[in-house]
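Written out below as structure tokens is the structure these notes cover.
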Ligand code: GAR
């Protein structure tokens, strides 16, 4: 059995989609959801999905010890960042080498880095006049939105598209691909 912890800061629609994908799978369990914001809608989703959920403060997260204790308690094999906006502390990266996966809603290395999340990314894509966007699924490195890229998928951006239009296309790609890519990454773990 492989155990996944999902970290999320906001709505958590990807977290829910991943949980639904693995429901009934005897080899994979979404064992824990971690939120860093007590108002995050992902907390409601976790309740509905019957998945344990912990809320941590930014200070607790940055200090890493509380999180590391949780990972040990739930015997977590893989950490999935699904719309998680805090920088992952080095202590956690060192404890989970090549075992922290992030999704970014654009084609990295474009439109990545500090402060680039959610709608800000889609606005930047439209403002740059890009003709395509997409998703990047990558392993986390000490640097934000960097690290080995595992998977990318693209969608067209039309000159008439608004940031919301781009967001809808990118979300569709996330829902289609993030769960099976996580599955592939899990299969490579020993
Ligand atoms: C997703 O689009 C994800 O790619 C993005 O936040 C959204 C969260 O949506 N992540 C980043 O921008 C990270 N830099 P969700 O909470 O509904 O899953």
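Numbering (my numbering), first residue to last: 5 to 194.
All C-beta atoms, glycine included, are put in the ideal place defined by N, C-alpha and C.
It should be emphasised that the depicted structure is a prediction, and the values quoted were computed from it without experimental measurement.
Residue 108 has its Cβ nearer than 7 Å to a heavy atom of ligand 1. Proximity to residue 100 across 145, 162 and 12 peaks at 145, based on C-alpha coordinates. Around the beta carbon of residue 6, 16 or more other beta carbons lie within 10 angstroms, which makes this residue buried. Within its own chain, the residues whose Cβ lies closer than 7 Å to the Cβ of residue 19, once the five positions on either side in sequence are excluded, are 10, 12, 37, 46, 49 and 86, listed in chain order.
Exposure of residue 162 is indicated by the presence of fewer than 16 other C-beta atoms within 10 angstroms of its C-beta. Spatial neighbours of residue 53 in its own chain (CB-CB distance under 6 Å, excluding positions within 5 residues in sequence) are listed in chain order as 23.
By DSSP's assignment, residue 106 forms a beta bridge with 85 and 142.
Relative to the Cα of residue 67, the nearest Cα in the group 77, 94 and 75 belongs to 94. The way I'd put it, the stretch 171-183 does touch the stretch 136-145; three or more beta-carbon pairs between them come closer than 8 Å. Exclusion of residue 129 from the 7 Å shell around ligand 1 follows from its C-beta lying no nearer than that to any non-hydrogen atom of the ligand. In this structure, residue 25 has its CB at a distance of at least 7 Å from all heavy atoms of ligand 1. Here residue 58 is bridged, per DSSP, to 38.
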